[in-house]
Amino acid sequence: MAPDDDGWCHNNSGVLPSLEDLQEGLGSWALVLYTTAGATTAILLIQFAVLIRQFILCVEPSKLNHTIWVTSVFFVLSVFNLVSIVLPLASEFVWLAYKIYLAIAMCHFVDLTMAWYGGETTMLSHVNNGEDEEKINFRSPPCCCCLCLPTGATLSKAWIRFLKGSVYQVPYTESLCLFVLGSLQISGYVDLGSLSFSSPYIYITVFLTMSNMSGLWGLFMFFRITHQFKLLHNYNYRKKSLVMKVIIVCMNVQGFVVDIMVNRGLVGCIPPYISEVGVGVIIKASCVIVESIVLGSVSFLVYKDEGTYL
1 MAPDDDGWCH
11 NNSGVLPSLE
21 DLQEGLGSWA
31 LVLYTTAGAT
41 TAILLIQFAV
51 LIRQFILCVE
61 PSKLNHTIWV
71 TSVFFVLSVF
81 NLVSIVLPLA
91 SEFVWLAYKI
101 YLAIAMCHFV
111 DLTMAWYGGE
121 TTMLSHVNNG
131 EDEEKINFRS
141 PPCCCCLCLP
151 TGATLSKAWI
161 RFLKGSVYQV
171 PYTESLCLFV
181 LGSLQISGYV
191 DLGSLSFSSP
201 YIYITVFLTM
211 SNMSGLWGLF
221 MFFRITHQFK
231 LLHNYNYRKK
241 SLVMKVIIVC
251 MNVQGFVVDI
261 MVNRGLVGCI
271 PPYISEVGVG
281 VIIKASCVIV
291 ESIVLGSVSF
301 LVYKDEGTYL
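Numbering-wise, this note's numbering puts 88 at position 88 of the sequence shown, and it's gapless, one number per residue.
Encoded structure:
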């Protein structure tokens, strides 16, 4: 890289590229990126439309809304990803907004799980059905080091409601954080993606991470309890929970990892068009294209017979 290029990269390290800059910097690869993202969105739209038809025909009305929400996350992910590469200047906002959508889908998955059980009372009757009640270890990832959680407790309605509440708080917390971050960015007090200790962004991110960890813990505990007691087999629960778990982990981890790589100088720029942050946007978009089509197709296969219990 020429000295002038080094200077350009340094001076524009935190600047998101415009659509024109992205096209100039990537050249013919921009068309490949757009075409791949568009094709992925089209494929997932077709799959989602087929699933909706299946759900309307076969799924009980009380479970229909929850099922549609849960299975929509992959198609919506591809739409948000397409928007992020067509409007790269808005990419940070787009992914924060998608995390709110994903958090709402987590709440619907919890509601769907309780609907499959038939309610809290029925869930307890399945779990606590013996004289020697099997204890549950609540120190589960990502809160496995939280000493305030018991390692051997009996499931109760209070615990079920606490787990549900830990998931339900996530979309509200993320909406508040998005509002605060957006207000601070518009006012010029924060740069999204900056990991400097002098920036409010990192402290809001820590608070948001704690909220996300709490929500993930609650959702994963539902997974763990169901697997531990070998329940909901007729609903293919293990595969459904695994698909949901993978996309949640990917969306909460990979963006943070890419931001760290960008801030540590591990990601180069494409002078004089795309900064390191812009290259980070491209990396995220490329990862999401692969994840959405693979996980979306797996989800389609898992849910395509929903309501028939085959």
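Glycine included, each C-beta is placed from N, C-alpha and C at the ideal position.
Residue of the options minimising C-alpha distance to residue i
{"i": "I104", "options": "V167, Q54, P88 and C146", "result": "V167"}
{"i": "C250", "options": "T226, H233 and N212", "result": "N212"}
{"i": "G307", "options": "I56, A97 and L44", "result": "I56"}
{"i": "V70", "options": "P200, V110 and A285", "result": "V110"}
{"i": "S72", "options": "L44, I225 and F207", "result": "L44"}
{"i": "G349", "options": "F80, M221, N128 and V262", "result": "No information on residue 349 is available, as it lies outside the stretch 1 to 310 that the chain covers here."}
{"i": "V206", "options": "S78, I274, L181 and C145", "result": "L181"}
{"i": "G14", "options": "T226, K284 and N263", "result": "N263"}
{"i": "G172", "options": "H227, Q185 and M106", "result": "Before going on, a small fix: residue 172 reads as Tyr here, not Gly. Measuring from the Cα of Y172, the nearest candidate turns out to be M106."}
{"i": "Y303", "options": "K240, G218 and P142", "result": "K240"}
{"i": "M123", "options": "K157, G152 and K99", "result": "K157"}
{"i": "E83", "options": "L184, T41 and V170", "result": "Sequence inspection shows Val at residue 83; the Glu mentioned does not correspond to that position. Of the candidates L184, T41 and V170, the one whose C-alpha sits nearest the C-alpha of V83 is T41."}
{"i": "C144", "options": "V294, T226 and G218", "result": "G218"}
Residue i burial status per 10 Å Cβ neighbour count (16 or more: buried)
{"i": "V277", "result": "buried"}
{"i": "P61", "result": "exposed"}
{"i": "Q47", "result": "buried"}
{"i": "S343", "result": "Outside the displayed range of the chain (1 to 310) lies residue 343, so it cannot be described from this structure."}
{"i": "E381", "result": "Outside the displayed range of the chain (1 to 310) lies residue 381, so it cannot be described from this structure."}
{"i": "M244", "result": "buried"}
{"i": "D259", "result": "buried"}
{"i": "E134", "result": "exposed"}
{"i": "N234", "result": "exposed"}
{"i": "G50", "result": "One detail in the question is off: residue 50 reads as Val in this sequence, not Gly. Classification of V50: exposed, given that the 10 Å Cβ count is below 16."}
{"i": "Y201", "result": "buried"}
{"i": "Y203", "result": "exposed"}
{"i": "S28", "result": "exposed"}
{"i": "S125", "result": "exposed"}
Residue i versus residue j: straight-line alpha-carbon distance, rounded
{"i": "L313", "j": "L232", "result": "Residue 313 is absent from the model: the chain starts at 1 and stops at 310."}
{"i": "S286", "j": "S91", "result": "13 Å"}
{"i": "R238", "j": "I274", "result": "42 Å"}
{"i": "P150", "j": "F229", "result": "18 Å"}
{"i": "S78", "j": "A97", "result": "13 Å"}
{"i": "S140", "j": "C269", "result": "40 Å"}
{"i": "C9", "j": "V279", "result": "11 Å"}
{"i": "F256", "j": "P17", "result": "19 Å"}
{"i": "C146", "j": "A39", "result": "44 Å"}
{"i": "L26", "j": "V76", "result": "25 Å"}
{"i": "V86", "j": "W159", "result": "44 Å"}
{"i": "M261", "j": "V59", "result": "44 Å"}
{"i": "I283", "j": "N236", "result": "33 Å"}
{"i": "L208", "j": "G215", "result": "11 Å"}
{"i": "T67", "j": "E24", "result": "42 Å"}
{"i": "F138", "j": "W95", "result": "30 Å"}
{"i": "N81", "j": "A37", "result": "7 Å"}
{"i": "T35", "j": "I289", "result": "11 Å"}
{"i": "L301", "j": "I136", "result": "32 Å"}
{"i": "L22", "j": "Q254", "result": "21 Å"}
{"i": "N128", "j": "G119", "result": "14 Å"}
{"i": "A115", "j": "K63", "result": "7 Å"}
{"i": "V170", "j": "C177", "result": "10 Å"}
Residues that DSSP places opposite residue i in a beta bridge
{"i": "A153", "result": "I136"}
{"i": "I270", "result": "I274"}
Per-residue DSSP class, three states only, for residue i
{"i": "C148", "result": "coil"}
{"i": "S18", "result": "coil"}
{"i": "C287", "result": "helix"}
{"i": "N81", "result": "helix"}
{"i": "R264", "result": "coil"}
{"i": "F229", "result": "coil"}
{"i": "P141", "result": "coil"}
{"i": "T173", "result": "helix"}
{"i": "N212", "result": "helix"}
{"i": "N129", "result": "coil"}
{"i": "V302", "result": "helix"}
{"i": "G280", "result": "helix"}
{"i": "G182", "result": "helix"}
{"i": "E60", "result": "coil"}
{"i": "I236", "result": "The amino acid occupying residue 236 in the given sequence is Asn; Ile does not appear at that position. Residue state, collapsed to three classes: coil."}
{"i": "S72", "result": "coil"}
{"i": "G119", "result": "coil"}
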